[in-house]
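Data block below; observations after.
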Amino acid sequence: MKTLNLKQLLMSFLIVSSACCLANKQQPHFQSAPFSIGETISWHSSVLDEQRSINVYLPQSYHQGSNQDYPVIYLLDGSADEDFIHIAGLVQFGSFSWIKMLPESIVVGIANVDRKHDMTYPTQNEQDKKDFPTTGGSKQFIQFIKDELQPMVNLKYRTTTNKTIIGQSLGGLLATEILFNHPEMFDNYLIVSPSLWWDDGSLLNSKTEVYLSKQTVFIGVGKEGTIMEGAAKSLYEVLNKHPNKNLKFQFFEQLDHGDTLHLAVYAGFEFLFNQQNAAAVENK
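With mature numbering (1 follows the signal peptide of the UniProt record, and there is no 0) applied, the sequence shown covers -23 to -1, 1 to 261.
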């Protein structure tokens, strides 16, 4: 058997000692805390007779001791796993003092329960009925927004009278229905890739005149095929029968139905609030 010489013993001792020192070295102490960009409010809706919830983003200055009131942006498809987080981020970014794209605003994301029910009106198209068996609840959902949600938001938060709605796809269909039938509900409409093919385009065909004396409307669509692109352009043409500087259509050729929303909302914010600033200057 080989015996270890003194040098080898010393090296072994140093290695073991170093390992013990490293093991005994105090590990850094980390602290973690939840990171939140808003709050969730849930309640039983008397209009819809079901549990509903909203996600709410409040601007940074909201809790800084001022009595400032804020415009409200209502977001359809506003669940946390849908569009709430990235749209709230756009609002925060756009309202930075060095950006000044839009005023500090409250964002109310309306979480979905059954979007195919809430965002569609009854259809006569048999394929629609087959593909969307729970369809046809938009009238009641609009009543919920008008008679229950908006008053609750105004009561709970410091709000101005200025209200914006954002809707994409079926949400764009619902936003268009509100614009046509209850335009006074919102001052600004940001309609992206609206599913106006619904019920063989009956919503577009039902309107021969639309007066947009106060509402500002931005319509955006990506490269989404003949039906979607044509419907969005037709909506613009219907609204533009009475030429209105507060109306804009934008085609996002490089995007499709899945990724148009974010850039369209950004462009929509630029347009909507540039128009407001211009109106404020004119009224001085």
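No residue lacks a Cβ here, since even glycine has one placed at the ideal position from N, Cα and C.
- Under DSSP, Phe195 forms a beta bridge with Leu167, Lys225.
- Straight-line spacing of the CA atoms in Leu212 and Leu167 works out to 13 Å.
- The C-alpha of Ser183 is placed about 28 Å away from the C-alpha of Gly235.
- Just so you know, the alpha carbons of Lys210 and Gly42 end up roughly 46 Å apart.
- DSSP links Glu214 through a beta bridge to no other residue.
- Within the stretch 70 to 138, the alpha helix (DSSP H) runs of at least 4 residues that lie entirely inside it are, in chain order, 92 to 95, 103 to 108, 115 to 120, 127 to 133.
- Taking a cut-off of 8 Å on C-beta distances, the stretch 161 to 179 does not touch the stretch 84 to 93, as fewer than three cross pairs fall below it.
- By the neighbour-count criterion, in which 16 or more other beta carbons inside 10 Å mark a residue as buried, Gly245 falls on the buried side.
- In this structure, Ile83 lies away from Thr17, with their beta-carbon atoms at least 8 Å apart.
- Between Gly199 and Leu232, the CB-CB gap stays under 8 Å.
- Non-local beta-carbon contacts of Asp177 in its own chain, meaning distances under 7 Å to residues more than five positions away in sequence, involve Asn102 in chain order.
- In this structure, Leu180 and Phe157 form a Cβ contact; the two beta carbons are roughly 7 Å apart against a cut-off of 8 Å.
- Relative to the Cα of Gly197, the nearest Cα in the group Glu214, Asn221, Ile31, Val169 belongs to Val169.
- Residue pairing for Val49: DSSP places it in a beta bridge opposite Ile83, Lys140.
- In this chain, the beta strand (DSSP E) harbouring Asn32 covers 27 to 34.
- For a cut-off of 8 Å, the C-beta gap from Ile87 to Leu52 is around 7 Å, short enough to register as a contact.
- Here Ser172 is buried, its C-beta having at least 16 other C-beta atoms within 10 Å.
- Rounded to whole angstroms, the gap between the alpha carbons of Pro99 and Glu27 is 20 Å.
- Just so you know, the alpha carbons of Leu25 and Trp75 end up roughly 42 Å apart.
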